[in-house]
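Colleague:
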Amino acid sequence: MVEASMKIEALLGLPEGLEVVSGDVVEKEITLTVISTQVNPRCPLCGTNATRCHSQYSRQLTDMSCVGQRVRLILHVRKFFCDETTCTRKIEVSRLAPFIEQMTHA
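Just so we're aligned: 106 in the working numbering is position 106 of the sequence shown, and the numbers increase by one with no gaps anywhere.
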């Protein structure tokens with residue numbers, strides 16, 4: 001028998017490390033709250049696993065639509081410290097750039 005269920009993350013094409021935690025539909029707008037589930041992201045410069053969270057913030061993507069309705073993604077992401085003493089980058093953000101670019105230019 002074929003499995004009929006599919007996770008919403010797969011339907012939306014969310015990359016690994018992002019998870020939808022809530023959703024709401026009001027009139028012609030779908031709002032989805034998405035969190036980063038990366039535990040220890042790698043520093044993009046030196047490749048060291050980050051273990052200390054610096055801060056977190058929210059970012060909204062609103063230039064999307066699905067089945068004739070506007071879609072708004074509220075992304076909750078974290079910034080991490082890079083503790084590698086030889087690395088010039090001391091704070092890094094969860095890597096979302098390719099996903100964000102793909103979603104806003106689809």
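Glycine residues also receive a C-beta, built at the ideal position from the N, C-alpha and C atoms.
On a predicted model such as this, the values are computed, not experimentally measured, just so you know.
Starting from the N-terminal side, write out each stretch of the beta strand (DSSP E) that is 3 residues or longer and does not extend beyond the stretch 12-66.
Modeller: Runs of the beta strand (DSSP E) inside the stretch 12-66: 18-26, 29-36 and 52-66.
Colleague: Give me the Cβ distance between Cys46 and Glu84, rounded to the nearest whole Å; I'm assuming they're in contact under 8 Å.
Modeller: Within the sequence shown, numbered from 1, the residue matching residue 46 stands at position 46. Within the sequence shown, numbered from 1, the residue matching residue 84 stands at position 84. The Cβ separation is near 5 Å, so the contact holds.
Colleague: Skipping 5 residues on each side, what residues in its chain have a beta carbon closer than 8 Å to that of Lys28?
Modeller: Translated into the one-based positions of the sequence shown, residue 28 becomes position 28. Excluding positions up to five away in sequence, the list reads Gly68, Gln69 and Arg70.
Colleague: Where DSSP assigns a beta bridge to Ile74, which residues make up the other side?
Modeller: Within the sequence shown, the letter at position 74 stands for residue 74. Per DSSP, Thr33 and Gln60.
Colleague: By the three-class DSSP mapping on this structure, what secondary structure does Val2 have?
Modeller: Indexing the sequence shown from 1 puts residue 2 at position 2. Residue placement at Val2 cannot be trusted, given a pLDDT of 48 that sits under 50; what the coordinates show is reported in the next sentence. DSSP places Val2 in coil when its eight states are reduced to three.
Colleague: Going by DSSP in three states, Glu84 sits in which element: helix, strand or coil?
Modeller: Taking the first residue of the sequence shown as position 1, residue 84 is located at position 84. Coil, per DSSP.
Colleague: By Cβ distance, which residues of its chain are closer than 6 Å to Lys7, with the 5 residues on each side in sequence left out?
Modeller: For the purposes of this step, residue 7 is taken as residue 7 along the sequence shown, with counting starting at 1. Cβ neighbours of Lys7 beyond the five flanking positions: none.
Colleague: Measure the alpha-carbon distance for Ile128 versus Pro41 and round it to whole angstroms.
Modeller: No statement about residue 128 is possible, as the shown extent of the chain runs from 1 to 106 and does not include it.
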